[in-house]
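Right, one structure below, let's go through it.
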Amino acid sequence: MSDNPSAPTPGITQQERDELRRQGILLTSIQELYTWGSSHSVWPLNFGLACCAIEMIAASMAKFDIARFGSEVFRPSPRQADLLIVSGTVTKKMAPQVVRLWDQMPEPKYCIAMGACAISGGPFKQGYNVLKGIDRYIPVDIYIPGCPPRPEALLHGLVQLQEKIRGFKLTGPDAPRHLRADLPCDYPVPEFGAHDLEPPANPDVWKAPVLVRNEKA
Amino acid sequence: MLGTGLLKGLGVTAKNFVGSYHDPERYTTIEYPEVKPKLPEAYRNFPFLVTENAMDPMGTLRCVACQICEKECPPQCIYIEKSKDKKPDASGKMQIYPAIFDIDTSVCMSCQICVEVCPFDAIKMDQVFEIATTDRYDALLLRREQLAKPNSYYQSIHPTEAAEVDGRLAADRKAAEEKAKAAAAAKAAAAKAAAAAPAAEAPKTPPPAA
Amino acid sequence: MSANDFSPLAPQAGSHVREVHDPLHGELLEVSMGPHHPSTHGVFRMIVTLDGERVMKLKPVFGYLHRNHEKIAENTTYLGSMPYTDRLDYLCSMTNNWAYAIAVEKLSGQPVPERAEYVRVILAEITRLLNHTCLAGFLMQDCGCSGTPLMYAFREREKILDLFESLSGSRMMCNYQRFGGCRVDPSADWLDGARKLTDNYGRFLDEFETLLTGNEIIMARTQGVGALSPELAINAGVTGPMLRATGVNYDLRKVDAYGVYSRFDFRVPLGAHGDVYDRYMIRVLEMRESIKILQQALATIPAGPIMDPKAKLRGFRPKAGEAYGRIEGPKGEIGFYLVSDGSPNPYRYRVRPPSFVNLTVLEDMCLGQTIADAVIILGSVDIVLGEVDR
Amino acid sequence: MNAAFLATLSLELLPAQLRDMVTGWLPEPWRWLVNSILAIAVILASFGLLFAYLTLAERKILGRVQNRPGPNRTGYFGLLQPFADGVKALTKEDIVPRGADHLLHFLAPVALLAFSIMTFAVLPFGRNLVAVELDAGVLYFFAAGAATELAVFMAGWASHNKYSLLAAMRALAQLISYELPLLLSFVPVIMIAGSLSTQEIVHRQSGWMFGFVPQWHVLTPWGFAGFAIFMTAALAESNRSPFDLPEAESELIAGHLTEYSGFKYALFFMAEYFGMCALCGMAVTLFLGGWQAPLPFLEFIPSYVWFATKMLTLLLGFIWVRCTFPRLRIDQLTRFAWKFLVPLALINLGTTAFWSLTSGWTGGLQIARWLVAIALVVIPFQLIGRKLSAGLGPRTYRYA
Amino acid sequence: METPEQIRDRLLARFPGAEISVVANPAPAAQHSLLLGHAPAVEIARFLRDDPTLKLDQCSNVTGIDWPEKEIVETTKSTVPDPAGGPPKVVETKIKRIQPGYLEVVYHLYSIALGHGPVILRLRTGNRTDAVTVPSLTPVWRACEFQEREVFDLFGVVLTGHPDLRRILMWDAFKDFPMRRDYVAPDDYEWEPTPHGDVLEKAKRHYPVPPAAAPVAPAAQEAPKA
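Chains as they are written, first to last, in the working numbering: chain B, 38 to 254; chain A, 3 to 212; chain Y, 719 to 1108; chain R, 338 to 737; chain C, 100 to 325.
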């Protein structure tokens, strides 16, 4: 936001800035305004799933006060929310609703998987009704491990997310997800099947990597 | 009169509004990223492995890969593979060590049961909680190298508990040394006795291994 | 009404009077509230049929947080289930731990040292303060307060959580009780902290009540709303403050006198109307009684071991048999039913969730009320979905 | 006419002088048009800024009441927070549900904002500072204000969402219920002032009792009652807590706003605050002496500053109420309007008539006039209030 | 409170011909239970609720237990006289017997009026496949409503007489009964970085098949645990 080109802006290096200067001063300014506005006004969806939701509420309470970051506006309707905090175990019965909520949110939108359960199913991952990580269906920006993570850990995650948003470019590979043509913008809602959800994962979003064990004897 | 309850309520909120400017009881916010929370000594987040020597963390792990924690871990987030050879531990004894020791922090429920069941005081709970990341797989699967932290670190986060553990370990070691000394003495005595035995009788058996 | 002509499935007179259909009435509107709804306290869902704003039918839908706690517990050791009980009713992990410990101790005949019993009482009563304060905050949030009572409730909660954290290492998931005692011995400093909290809590409650109890809007919103008859409450297995709000004197701390509760002097507040206001007030009054218990327990806590020396941590294998152990949790009777076949894992592990059973009467309470009432009635039942769906 | 007064006068006349500087060189027929456009621009800019900082003030005050600081990281003390929110709202995707009525869905926020801005036209922001001098200004104000609820209904209806629909119904019920006490509460002012012009009403409240007590309407028994009823109804009209039923968060998700995203949602938000400002401005005009100073020696401060101060005080009161109170139920809300506010407002008409008829009483009779008027306000309040809260009250509990 | 034996006797006097037996509980808790036959179970429950000396007005806990069929090896020792005239020999004969499986519903009853309990009732199904009905006690205690639905959902016990027997925790299209011991969970073990025990077996199915040219899996890949 500053006129001084040498002033370091968090998340943007001088080199990247020069690159953008080449693209045009207008684009750069718009981009900076856009990322600045988006990063300082991340309104979460008022959406709690399980234990972590209580810590999410605690993070918005007096002692931790997520409002300092401009994020205390917990909107109950997905239409006005920017951030989906998946705070707790996503069961297979709940997963379609979570994906639907994600679809209902307007772009640009972000997702934080808060707590072990949201990341991987956590301690409940061997359960027959537990989804092993919400990133099987929707893209997750920040993972916050912990069971449950402290409210400070959620705030730390939020700061990380703000950094990530500030690093966005309007074009190129660093563009946010909704501005990129190569990434899916539509996330199909899974159906209830006779034994499991169908499909059990969205192949566009999730692919199990090959585990690398750097075994040193 | 209708409305007195409402006015009293307004009074309470007004008191809190004014109090937030002078009364620390009514302004409880910790400015987190700048001011770090004061964590109690008992606070636990994820496990780490204690090493005796910070210079050689992999060589001086207390863990002997007994796999008790792996079995007892309720969410099964520990994976251990025993080494095929033995290496000397901090006290110089030959021990098996973990060739692979992985903890999946995306599963761990911070229940501390691994710490409770560990007979070697080798695994303890860490207090680092600022671990939000964009990478689910590599950043959250902690390997042996990331898990190993020196005993001095343990001393700094859980001083009371660590002092107790160190005292116990020292006592154990002393006891072991004394036992070894006693055994050696006994051995020596036995050897002497054997040597002092009538020369006609050839030494039949070597002294029993201590 | 005598017990003989009481039929639990027939609609209770007065609890809901369905209006005769007349041509002026328009169509009924079916609204699905939840699983994502700001007032369902998690992922609960109610399918509500409305006539205008009036509830004609209400069907609860469960299972959105069914995370298979029982199945997992049957595949893990007795000790391994203890941290999972924290995550049942995640506001009151200490009482869940205690209920599970009591059930296992009944199953194995494990004695508990006296100091541990006192510590358990202290922690359970602090948990009760925590739960009831948070409930009052959430209930007021449902009534439409812009977060202020909830913030005050959580301000006090943080103080309690600091105590829990310094004792057990975790804010919410304490994993503190063990079979035959407790994991850590509370230090003198910790007990002083608990005393300070207890002494200050009354003052907080006074201010909290000034903000809420006399408030005309709250009285208008809650009095006479969601009334429950004692007959139906007993028959439907309702327990805890919700049962006592209907006037039934049933508190397991008095009836079973488990732990060392028989040594403390406290009273059981009883309601008369069984409506939302009674449920709120009973909880407030219970908190004041809890403060009395805490003061007595903290004054008389004996010295001694915290764990039974014979208690086993690893390789715990109770003999074949079964046991049902229960305590008065903040939400009602929380029980654990365990069947052992002599192996290290329980053969059958069952949680008797108080708020799940309390929800049985949700429809009866909501019929004939408006949708705004349904929200606060649900709030006054005090559900935590981790426990409802397990 | 001392020098101080002249200095005041120059400050006082500053807005007009500035306007003349801009438009003075224009030919006469054009001047009127540009003047109007200028007035609109100034009102939009100043109230836009006020809206931005009002949202911030609300969040900060709510924070302070709840023992926390509120937004404080975006700019110094969080002062840039509203602009970050604005930028974000502008760049959000705009979603129209598939089954929605596209035209109405778009028109609703626009209409709502337009109607709320229209109400500013007749507000006298200062001495001779009114955009449009209408003879029936008060009527115009309430006509335009009532139309906002129609826009809320439009939004609820067009959204194709059950919660929005319920909210729309609630908004209509609320409109019908609260328009009546709102209108009845200011009829006494018109009876006393004898005019529907806002400027005229303010002028009627000038002068001092005993040389220092302002002759504002709120300082009379009927005026106080009227002011209280007006403010209560204004809370309901602007859908503020404890009457925020159309967007009751715990029941109806976000009510009529449920299906609005991005900038349309921001428009709604803006309109709500504009409506609030307009109603507070009208309350200041009708009951609090408009732009007049509260004490004679404070008259050197320009009139528009006084107007702004009074309006902000009322707005802070709105926020304070929001921090404290829970929400009423829809039937209680309508009952409160019909059984409490409307009778009181009607009785207040009688009180005003008595006040107006006895304006000639002096001396001891003056005291009697005050006593009778106060009794006419307090006794009905007590009686009707008791009837309204029958059956409610604190309870005593038994112990086992 | 009366002992289970006394209650059984009283019930048998009141309901002649009913199948009632006491199931002993060897645990220190000694909470013995009453096993009821199907026919008059609802009437017995109503009697227990209304009987003035028992007044079991609260049904606290309802749950199911799955007892799959298992092979029982019974060893009987018999003394066989040695035909040779020596000392009699002890001969062990092992009889293998298939104990048929069944599902069980357990009710824990308490009395709020009199403050005693628990009295535990058990109802058993005929087998685990086609005869899975037991009578529902919801008409007697409303508390059973949701808990019996849960037993139906997770164990597949059909409770006849239940007013609203639907799945409660799982979705309606779900076909299995997950709390049964032989339930097979769906295979979603693609990413298991720390497997052992059963999980390892399941996770192994997802390990990349080493190409035929390279029979030894590269060290970088998942090395199945020995």
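Just so you know, even glycine gets a beta-carbon here, dropped at the ideal spot from N, CA and C.
Close Cβ partners of residue i (< 8 Å) along its chain, the five nearest in sequence each way excluded
i, result
"R:VAL359", "VAL371, LEU375"
"Y:ASP740", "For Y:ASP740, the pLDDT reaches just 49, beneath the cut-off of 50, and the residue's location in the model is therefore unreliable, although a value from the coordinates is still provided. Same-chain partners within the cutoff: there are none."
"R:PRO583", "VAL489, GLY493, ALA504, ALA505, ARG507, ALA508, GLN511, ASN576, LEU589, GLY592, HIS593"
"R:LEU381", "ILE454"
"B:LYS17", "Nothing can be reported for residue 17 of chain B: it is not among the residues displayed for chain B, which extend from 38 to 254."
"R:ALA710", "THR557, PRO558, TRP559, THR688, PHE691, TRP692"
Own chain residues within Cβ distance below 7 Å of residue i, not counting five before or after
i, result
"C:PHE251", "VAL257, LEU258, LEU264"
"R:LEU503", "LEU589"
"R:PHE662", "SER578, PRO579"
"A:ALA164", "TYR156, GLN157"
"R:THR733", "none"
Which listed residue (the options) has its alpha carbon closest to that of residue i
i, options, result
"C:GLN105", "C:PRO125, C:ALA128, C:SER132", "C:SER132"
"A:CYS71", "Y:GLU823, Y:THR795, Y:MET1083, Y:SER1008", "Y:THR795"
"A:LYS89", "A:GLN97, A:GLU83, A:ALA184", "A:GLN97"
"Y:ILE820", "Y:GLN895, Y:ARG763, Y:VAL779", "Y:GLN895"
"R:GLN552", "R:ALA484, R:ALA603, R:GLN542, R:PHE561", "R:GLN542"
"Y:PHE872", "Y:GLY911, Y:LEU848, Y:PRO959, Y:LEU881", "Y:LEU848"
"R:LEU681", "R:ASN498, R:LEU720, R:GLY412", "R:LEU720"
"R:MET545", "R:GLU636, R:PRO352, R:GLY618", "For the record, residue 545 of chain R in the displayed sequence is Trp; it is not Met. Ranking the options by Cα distance to R:TRP545, first place goes to R:GLU636."
"Y:SER826", "Y:VAL1106, Y:VAL1057, Y:ALA1017, Y:THR866", "Y:VAL1057"
"R:PHE634", "R:SER383, R:GLY548, R:GLY482, R:ALA448", "R:GLY548"
"C:ARG280", "Y:GLU788, Y:GLY1104, Y:ARG1070", "Y:GLU788"
"C:ALA242", "C:ASN160, C:ALA212, C:LYS188", "C:ASN160"
"R:ALA473", "R:LEU460, R:GLU609, R:PHE384", "R:LEU460"
Beta-carbon contacts of residue i that lie in its chain and below 6 Å, excluding the five residues immediately before and after
i, result
"A:CYS65", "LEU51, PRO100, ALA124"
"Y:ALA817", "ILE1045, ILE1052, PHE1054"
"A:ARG46", "SER112, GLN114, MET127"
Cβ-Cβ separation, residue j to residue i (assumed contact under 8 Å), whole Å
i, j, result
"Y:VAL966", "Y:VAL1079", "That belief does not hold up - the Cβ atoms of Y:VAL966 and Y:VAL1079 are roughly 13 Å apart, past 8 Å."
"B:CYS88", "Y:GLY1104", "6 Å"
"C:ASN226", "Y:GLY1039", "Their Cβ separation, rounded to whole angstroms, is 25 Å, which puts C:ASN226 and Y:GLY1039 out of contact at 8 Å."
"Y:ILE935", "R:LEU665", "6 Å"
"C:VAL205", "C:ILE267", "Incorrect: roughly 18 Å between the Cβ atoms, too far for contact."
Any non-hydrogen atom of the ligand ADP closer than 6 Å to residue i Cβ
i, result
"Y:SER980", "The ligand content of the structure shown is nil, which means the ligand ADP is not present either."
Short-range partners of chain B found in the region 240-263 of chain C, where Cβ spacing is below 7 Å: none
Quick check: the region 236-244 of chain B against the region 164-182 of chain B, are at least 3 beta-carbon pairs closer than 8 Å? yes
Please identify, using Cβ separations under 7 Å, the residues of the region 26-38 of chain A that lie next to chain R, in order along the chain. ARG28, TYR29, THR30, THR31
Three CB pairs or more closer than 8 Å across the region 866-881 of chain Y and the region 913-923 of chain Y: With the cut-off at 8 Å, the region 866-881 of chain Y and the region 913-923 of chain Y touch.
Taking any Cβ of chain C, which residues in the region 49-72 of chain A have a Cβ under 7 Å from it, in chain order? Listed by position along the chain: GLU72.
Using a Cβ cut-off of 7 Å, which residues of the region 869-880 of chain Y contact any Cβ in chain B, in chain order? MET869, PHE872, ARG873, GLU876
Under 8 Å: do the region 186-200 of chain B and the region 128-139 of chain A share three or more Cβ pairs, one atom per stretch? yes
Taking 8 Å as the cut-off, does the region 41-58 of chain A touch the region 138-150 of chain A (at least 3 CB pairs, one atom from each stretch)? yes
Of the residues that make up the region 392-422 of chain R, which ones have a beta carbon closer than 7 Å to any beta carbon in chain Y? LEU399, VAL402, GLN403, ASN404
So does the region 268-279 of chain C actually touch the region 181-193 of chain C, counting three or more Cβ pairs closer than 8 Å? no
Counting pairs of beta carbons, one from the region 1018-1025 of chain Y and one from the region 986-999 of chain Y, are three or more of them closer than 8 Å? no
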